[in-house]
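Report on the following structure.
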Amino acid sequence: MNVKNKPTYYSYLLRLHWVDNAGRPAWRVSLQEPGKESQMHFDSLAAMYAYLANQLGLDEDIEAPDT
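Okay, so the sequence shown: first residue is 241 according to this note's numbering, each after it adds one.
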């Protein structure tokens with residue numbers, strides 16, 4: 241997608257929930273676009289950051305903050 245056709249605005253409903261991952265607590269994440277029923281699920285915050293970086297067309301790696 242070229243820059244002219246690239247969206248200039250993104251909006252998501254972000255849901256976070258805490259799970260016990262084999263004795264190691266972890267965050268699970270889901271994103272949902274307004275007006276759509278489908279959700280995207282991620283096993284980690286880092287996976288969500290990678291998805292968003294891809295959506296934005298960022299070439300550089302984005303470091304997820306330490307959690």
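Cβ coordinates follow ideal geometry from the N, Cα and C atoms, glycine included. All figures in this text were calculated on a predicted structure; none of them were measured in a lab.
In the displayed model, Q272 falls within a strand according to three-state DSSP. In the assembly as shown, M288 is a buried residue. Its beta-carbon has 16 or more other beta-carbons within 10 Å.
Its chain contains R255, Q279, H281 as the residues whose beta carbon lies nearer than 6 Å to that of S270, once the 5 sequence neighbours on both sides are disregarded; these appear in chain order. Exclusion of the five residues before and after K246 leaves G297 as the residues of its chain whose Cβ lies within less than 8 Å of its Cβ. For L298, there is no enclosing alpha helix (DSSP H), as DSSP marks it with neither H nor E.
If you look at D260, you'll find it in the beta strand (DSSP E) that goes 253-261.
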